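Visitor:
Residue numbers (my numbering): 865 to 1176.
(1) Among all the DSSP beta bridges, which residues are the ones paired with residue 957?
(2) Under the assumption that residue 954 contacts residue 967 (Cβ atoms under 8 Å), give the Cβ distance between them as a whole number of angstroms.
(3) Check whether the Cβ atoms of residue 1094 and residue 995 sit closer than 8 Å, and answer yes or no.
(4) Out of 1097, 962, 1122, state which residue places its alpha-carbon closest to the alpha-carbon of residue 1022.
(5) How many Å lie between residue 1150 and residue 962 at the Cα?
(6) What do you get for residue 884, buried or exposed, if any count of 16 or more other CB atoms within 10 angstroms of its CB means buried?
(7) What number of angstroms, rounded off, separates the C-alpha of residue 870 from the C-alpha of residue 1105?
(8) DSSP on residue 1128, reduced to helix/strand/coil?
(9) Could you give the distance in angstroms between the alpha-carbon of residue 1107 and the alpha-carbon of residue 875?
(10) Straight-line CA distance for residue 1045 to residue 1004?
(11) Can you name, in chain order, every residue of its own chain whose Cβ lies under 6 Å from the Cβ of residue 912, other than the five neighbours on each side?
(12) For the putative contact between residue 1006 and residue 986, defined by C-beta atoms under 8 Å, what is the C-beta separation to the nearest angstrom?
(13) Which whole runs of the alpha helix (DSSP H) in the segment 1078 to 1126 are 4 residues long or more, in chain order?
(14) Is the beta carbon of residue 1012 closer than 8 Å to that of residue 1167?
(15) In this structure, how does DSSP classify residue 1177 when only helix, strand and coil are distinguished?
(16) Exposed or buried, what is residue 1063 when buried is set at 16 or more other beta-carbons lying within 10 Å of its beta-carbon?
(17) What does DSSP give as the partner residues of residue 1167 in its beta bridges?
(18) Kindly give me the distance between the Cβ atoms of residue 1032 and residue 1086, rounded to whole angstroms, as I take these residues to be in contact under 8 Å.
(19) Hey, could you find the ends of the alpha helix (DSSP H) residue 899 is sitting in?
(20) Taking the continuous alpha helix (DSSP H) assigned at residue 1002, which residues delimit it?
(21) Helix, strand or coil: how does DSSP classify residue 1049 here?
(22) In terms of alpha-carbon separation, which member of 1124, 1115, 1129 lies closest to residue 1147?
(23) Please look up how many angstroms separate the CB atoms of residue 1117 and residue 1158, rounded, as I've assumed it's under 8 Å.
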């Protein structure tokens, strides 16, 4: 398998098959039925570990459930090689999902590439990047825009870069994650669960449902950014979307808060997003502070109003 994710060409090799090694990332996946048992009192666990080697710092992402490690991703010091050991029963779609989001964050950091915890969508040549704290409505707004014909450029992880002086984002993992209530509101009743296991009685579901990309045309591999949307907490006291230009300090805080941190940095460490990224994005894109009503039945009208604002 060879494909582009976040602007990087990935060569996936299964087992001990030979690799061409001419892509940006070599990802080797080994099905391993001898992953160790690990005592843990929760249903599932995850952690990130650093290992110092003569070649440099290796970053390990470890995922498990019910006291057993299910996946272990080891990212090389320069983010150019990833070795994955995964239990035989784990669904391949979940292995890909882990690689494309949390593991890819580490890859981008190790390669010195700027990225944001955000969603990106495009329509009629315009691309927006949506940022917001957990629960602000990023995924539900994305799903509502998709129903209006917008295409997902990337969900949850958006790589940004200036190309010839213009800031762009790259196509990434295109799978929106919804709560069951949101999925039902959008008429989606047969979505698969996230981090599921192929073994009966060994579920690792985190309660999220996966909304596959719609029938819209695939977005470009790289798109100039037209607008940044900063989602405030959802509000029960409003019945329609509220939009206002964001103040410069709000833009700076939002970009810093949503920049991708080094996964091995100590808790509470200051964000490290380059000031040039902040000034470049803020200077190019229109930036809005968005408040959504805290009612799913008002989401469609809010998305239509937002789309009209962006496209005018």
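Even glycine gets a Cβ: it sits at the ideal position worked out from N, Cα and C. The model shown is predicted, which means the values in this text are computed figures rather than measured ones.
Guide: Taking the geometry as given:
(1) As a first step, residue 957 is located in the chain shown; it is residue number 93 there, counting from the start. Bridge partners of residue 957: none, in fact.
(2) Here residue 954 is taken as the residue at index 90 of the chain shown, counted from 1. Here residue 967 is taken as the residue at index 103 of the chain shown, counted from 1. Not a contact, Cβ separation roughly 14 Å.
(3) Along the chain shown, one-based indexing puts residue 1094 at 230. Along the chain shown, one-based indexing puts residue 995 at 131. Yes, these two residues count as a Cβ contact at 8 Å.
(4) Mapped onto the chain shown, residue 1022 falls at position 158. When each option's Cα is compared against that of residue 1022, the closest is 1122.
(5) Here residue 1150 corresponds to residue number 286 of the chain shown, with the count starting at 1. Here residue 962 corresponds to residue number 98 of the chain shown, with the count starting at 1. Straight-line Cα distance between these residues: approximately 32 Å.
(6) As a first step, residue 884 must be located in the chain shown, where it is residue number 20. Exposed is the call here.
(7) For the purposes of this step, residue 870 is taken as the residue at position 6 of the chain shown. For the purposes of this step, residue 1105 is taken as the residue at position 241 of the chain shown. The straight-line gap from Cα to Cα measures roughly 30 Å.
(8) Position 264 of the chain shown, counted from the first residue, corresponds to residue 1128. DSSP places residue 1128 in coil when its eight states are reduced to three.
(9) Residue numbering aside, residue 1107 sits at position 243 when the chain shown is read from its first letter. Residue numbering aside, residue 875 sits at position 11 when the chain shown is read from its first letter. Going by the C-alpha atoms only, they are around 42 Å apart.
(10) Here the question's residue 1045 lines up with position 181 in the chain shown. Here the question's residue 1004 lines up with position 140 in the chain shown. Approximately 10 Å between the Cα atoms of the pair.
(11) Position 48 of the chain shown, counted from the first residue, corresponds to residue 912. Hits under 6 Å: 925, 1127.
(12) By 1-based counting over the chain shown, the position of residue 1006 is 142. By 1-based counting over the chain shown, the position of residue 986 is 122. Contact doesn't hold; Cβ gap of about 12 Å is too wide.
(13) 1112 to 1121
(14) As a first step, residue 1167 must be located in the chain shown, where it is residue number 303. As a first step, residue 1012 must be located in the chain shown, where it is residue number 148. Cβ distance < 8 Å, so residue 1167 and residue 1012 count as in contact.
(15) With the chain running from 865 to 1176 in the structure shown, residue 1177 is simply not present.
(16) Taking the first residue of the chain shown as 1, we reach residue 1063 at position 199. Bear in mind that the predicted position of residue 1063 carries a pLDDT of just 48, short of 50, making it too unreliable to give a figure here.
(17) Here residue 1167 refers to the residue found at position 303 of the chain shown. Per DSSP, none; premise fails for residue 1167.
(18) Here residue 1032 refers to the residue found at position 168 when the chain shown is read from its first residue. Here residue 1086 refers to the residue found at position 222 when the chain shown is read from its first residue. Contact flag correct, Cβ pair sits at about 5 Å.
(19) Position 35 of the chain shown, counting from 1, holds the residue named residue 899. Unbroken run through residue 899: none, as it is neither H nor E.
(20) By one-based count along the chain shown, residue 1002 stands at place 138. That run of the alpha helix (DSSP H) goes 1002 to 1011.
(21) Against the chain shown, residue 1049 aligns to sequence position 185. Residue 1049: helix per DSSP, three-state reduction.
(22) Position 283 of the chain shown, counted from the first residue, corresponds to residue 1147. Nearest option by C-alpha distance: 1115.
(23) Sequence index remark: in the chain shown, residue 1117 carries index 253 (1-based). Sequence index remark: in the chain shown, residue 1158 carries index 294 (1-based). Not really, about 23 Å apart at Cβ, beyond 8 Å.
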